[in-house]
Each structure stands twice: as C-alpha cells, then as structure tokens.
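Here the working numbering is used: the first residue of the sequence shown is 22, the next is one more, and so on.
What follows is a single structure, written as structure tokens, with notes after it.
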Amino acid sequence: MTTLLLDTHTVLWFWWDDPQLSATAKALICDPANRKLVSMATPWEVAIKVSRKKLDIGGPFRGFFDQHMIRTYFEWLPIATKHLDYLADLPFHHNDPFDRLLVVQALSENLPLVSADSQFDASGVNRLW
C-alpha cells in the first residue's frame, strides 16, 4: 500500500472526472490498495478561491468537501507543527502558500505528491503524475 498526498487540482479533477487528470494519477487514486490523503490546506485554498469568484465548484462550498471525502474514502492530513518547522526552512521554489504547505507535508511525512505542477520538482518532492 502506498499513501498518496493529493494536490488541490488533483482532488477536484478526480471528483469531477476531469480529462485533465492524467491516466497515471487516476489509476493511483482508483487503486483501492492506496491510501489517499487531502491536506487541510486544500479546502482552505478552495474556500478562498470560491469566495473570490475564482473557482466555481458547481454548488455551495458548505458540505462540498465532507460529501466528496466520504464518497471517495479520502482522508484528511491535518496541518501539524512539524510541517511548519519544515516550512520555515523551505527555499522559495514555489511562492504559493498552499503549495508550499503541500511541499512540507509531503517532505516531512515522506509522501509522494500527486500533482501536475512541475514546480514541485525543484523542492525535492516525489511528484507522481
């Protein structure tokens, strides 16, 4: 069993069956032997984008994540102080604060990150796509 950390777009594209999701990413997520984690940074990022009208999730934000997390058996990865310890020393290969948090969560938990974003590669994350 492999435990995967899913980037925000990966989560949304999987839930929406978006063709932008790579075949490799879809196969990893669909494999019942793999554990799928979603950072608590993800709903935070989505909530901000929804409130700023930069993202349409097709309905109200309230309940959106709870419904889909249960339906797909994804699990939450809380933000822990050890993640923030890594964050203080992380070079600025990526300026987006949510992506930076995903980097440190992946590195500190030794998790591969399922993401289309090649900017993660400079941070030493094991990116799968």
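All residues carry an ideal CB built from backbone N, CA and C; glycine is no exception.
None of these values were measured; they are calculated from a predicted model.
Within the segment 78-145, ranges of the beta strand (DSSP E) (whole runs, at least 3 residues)
96-98
Could you check where the alpha helix (DSSP H) with K47 kicks off and where it finishes?
A44 to C51
Using the C-alpha atoms, what's the distance from V71 back to D142?
28 Å
Please report the distance separating the alpha-carbon of W150 from that of L26.
12 Å
For K47, the nearest candidate out of N55, F35, A127 and K57 (CA to CA):
F35
L122 and A68 look like a contact to me (Cβ under 8 Å); what is the Cβ gap, rounded to whole Å?
The Cβ separation is near 15 Å, so there is no contact.
Where does P64 land, buried or exposed, given buried means 16+ other C-beta within 10 angstroms?
buried
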